[in-house]
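Just so you know, we're using my numbering here: the sequence shown kicks off at 2 and counts up by one.
Positions of the beta carbon are idealized from the N, C-alpha and C atoms, including for glycine.
Notes follow once the structure below has been shown.
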Amino acid sequence: MSNNDIIVSLDIGTSKVRAIIGEISNGTFNIIGVGSADSEGIRKGAIVDIDQTVQSIKSAVDHAERMVGIQISEVYVGISGNHIGLQSSHGVVAVSNEDREIGEEDIERVMKAAEVIALPPEREIIDVVAKQYVVDGLEGIQDPRGMIGVRLEVEATIITGAKTAIHNLLRCVEKAGLKVTDLVLLSLGAGQLALSKDEKTMGSVLVDIGAGATTIAVFENGTISATSTLPIGGEFITNDIAYGLRTLTDQAEKVKLKYGCALIEDAAPDVTFKVTRIGSNVDKEFTQEDLAAISEPRVQEIFHLIRQEVKRLGYTELPGGYILTGGTVSMPGLLQVAQNELAASVRIAVPDYIGVRDPGFTSGVGILYNVIRNIRIRSTGNKKTVKNPKSTPAAQETAPKAGIWGSIKNIFKEFI
2 MSNNDIIVSL DIGTSKVRAI IGEISNGTFN IIGVGSADSE GIRKGAIVDI
52 DQTVQSIKSA VDHAERMVGI QISEVYVGIS GNHIGLQSSH GVVAVSNEDR
102 EIGEEDIERV MKAAEVIALP PEREIIDVVA KQYVVDGLEG IQDPRGMIGV
152 RLEVEATIIT GAKTAIHNLL RCVEKAGLKV TDLVLLSLGA GQLALSKDEK
202 TMGSVLVDIG AGATTIAVFE NGTISATSTL PIGGEFITND IAYGLRTLTD
252 QAEKVKLKYG CALIEDAAPD VTFKVTRIGS NVDKEFTQED LAAISEPRVQ
302 EIFHLIRQEV KRLGYTELPG GYILTGGTVS MPGLLQVAQN ELAASVRIAV
352 PDYIGVRDPG FTSGVGILYN VIRNIRIRST GNKKTVKNPK STPAAQETAP
402 KAGIWGSIKN IFKEFI
């Protein structure tokens, strides 16, 4: 098993850091190793302590390495957060081949041309996603390779993020002794994995409910069209349980995972458990109904906020409905509450691979799925790399300016 066949994803969340090892052999893809560690140093999806985050990454990677018996040196890292932004762009180039057949080089040049946009100095491009290609005025082309044409255009979505958040994330991974091969937007990867072709085309909402944050991504016409992050998640349910039962947060989390139910109707009055209350040495007994009475209002509020946010983004009724993923959606009764609050079709997405059949792994597996999809579409020799992860601040300031003028000159050269 050579390292060329191995790809590794890193999903750094508020409650868990997950390293997933995938293997490509004879055109098929399998998950061969999973490492998970409790996440320290992350609050509401943002890094607040570099050293603690580095230790969590090391623990997750060590766990995955021991499972498979290989050493991980390069990873694809997932990124999300309320700093992520999307904007449309347009690129155009002349086809360079003498026989006018569009090749890989032309695709790369037109994507580079689409990257020539004015960006504030504090923002950076994470990825460029093609919505459609146009060859000599013919629209709606998904893959123009091999077509004959003179003029190639692309309608693209530019995914940008805050430089501070990006470089803090890269710094953590590099301090853990790993090389970042590329950054992947978590909602984009999860959407490629969890959504069917029709759901992405007709319009649907992917909702990733994590511990500290909920990420909403709207897919339409085959690609991501809007994204937003709400600072609310499973941790809020845990905190409510801790206050309601007057117990420690760690104990509230264990009780939630073992007995938690999001719907009072589904809770069993005869299922009981004991917790140690703060300020007392005596355990007090509660029922699953007591727990559901605390959890249900918070879960209702989460889905109410999700629905409001989707409306704020400019979408009312999408035919594909809502697709839920993330660790929090595993709670019994949550799907029923979601259907009641969202008043739309709702389903839970689970990766269909052995060892990761849990909604909490959708984002991590989605990173790998997105990478493999790009490798299959492009030739393996033309993989995109992270933009200047180690460049100096001075180089970062001057590079965009030089890049813009250089790209403009190249575009004019093509047409002269």
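Item, Value
"What is the residue span of the alpha helix (DSSP H) that residue 187 lies within?", "187–195"
"Report yes if the C-beta distance between residue 119 and residue 157 is below 7 Å; otherwise report no.", "no"
"Tell whether a beta-carbon distance below 7 Å holds between residue 329 and residue 204.", "no"
"Would you list, in sequence order, the uninterrupted alpha helix (DSSP H) runs of no fewer than 4 residues that lie entirely inside the stretch 215–253?", "235–246"
"In the stretch 85–144, which residue ranges form an unbroken alpha helix (DSSP H) of at least 4 residues, counting only runs that do not cross its ends?", "105–115"
"Do the stretch 23–37 and the stretch 353–360 make contact, defined as three or more Cβ pairs closer than 8 Å?", "yes"
"Assess, as a yes-or-no matter, whether the stretch 51–58 is touched by the stretch 96–104 under the definition of 3 or more beta carbon pairs within less than 8 Å.", "no"
"Out of 298, 243, 306, which has the shortest C-alpha to C-alpha gap to residue 214?", "306"
"Might you give, ordered along the chain, the residues of its own chain that have their beta carbon closer than 7 Å to the beta carbon of residue 285, omitting 5 neighbours on each side?", "275, 276, 278"
"With a threshold of 8 Å, are at least 3 pairs of Cβ atoms found where one atom belongs to the stretch 363–372 and the other to the stretch 18–27?", "yes"
"So, at 7 Å on beta carbons, what are the nonlocal neighbours of residue 421 in its own chain, with the 5 sequence-adjacent residues on each side left out?", "Any question about residue 421 goes unanswered here, given that the chain covers just 2 to 417."
"Report the rounded CA-to-CA distance for residue 169 versus residue 287, giving the unit in angstroms.", "43 Å"
"Just mark residue 315 as buried or exposed, buried being the case when its beta carbon has 16 or more other beta carbons within 10 Å.", "exposed"
"By Cβ distance below 7 Å, which residues in the same chain neighbour residue 237 in space, the five residues on each side in sequence not counted?", "299"
"Out of 189, 112, 308, state which residue places its alpha-carbon closest to the alpha-carbon of residue 338.", "308"
"Tell me, which residues are paired with residue 373 by DSSP?", "Residue 373 is not bridged to any residue."
"Look at the alpha carbon of residue 295 and the alpha carbon of residue 159, and state the distance between them as a whole number of angstroms.", "41 Å"
"With DSSP as the reference, identify every bridge partner of residue 26, one or two as the case may be.", "29"
"Buried or exposed: residue 145, going by 16 or more other Cβ atoms within 10 Å of its Cβ?", "buried"
"First and last residue of the alpha helix (DSSP H) that includes residue 311?", "289–313"
"So what does DSSP say about residue 323, is it helix, strand or coil?", "strand"
"I want to know whether the stretch 208–223 touches the stretch 109–118 - three or more CB-CB distances under 8 Å.", "no"
"Are there three or more Cβ pairs, one per stretch, closer than 8 Å when the stretch 194–202 is compared with the stretch 220–229?", "yes"
"Whose C-alpha, out of 165, 248, 358, 153, is nearest the C-alpha of residue 282?", "248"
"Going by Cα to Cα distance, which pick from 360, 122, 73, 64 is closest to residue 335?", "360"
"Does DSSP put residue 284 in a helix, a strand or coil?", "strand"
"Distance check for residue 185 and residue 127, CA to CA, integer angstroms please.", "8 Å"
"Helix, strand or coil: which one does DSSP assign to residue 18?", "strand"
"Is the separation between the beta-carbon of residue 92 and that of residue 155 shorter than 7 Å?", "yes"
"Going by DSSP in three states, residue 336 sits in which element: helix, strand or coil?", "helix"
"Between which residues of its own chain and residue 390 is the CB-CB distance below 7 Å, once the five residues before and five after are set aside?", "Annotation note: pLDDT 38 at residue 390 (below 50); position unreliable, coordinate value reported separately. Only 171, 181 meet the Cβ criterion."
"Taking the DSSP output, what are the residues bridged to residue 34?", "22"
"From residue 37 to residue 18, what distance separates their C-alpha atoms?", "6 Å"
"Considering only the beta carbon of each residue, do residue 136 and residue 116 sit closer than 7 Å?", "no"
"Looking at the secondary structure, which residues open and close the beta strand (DSSP E) in which residue 318 lies?", "From DSSP, residue 318 is part of no beta strand (DSSP E); its letter is neither H nor E."
"Out of 317, 246, 268, which has the shortest C-alpha to C-alpha gap to residue 293?", "268"
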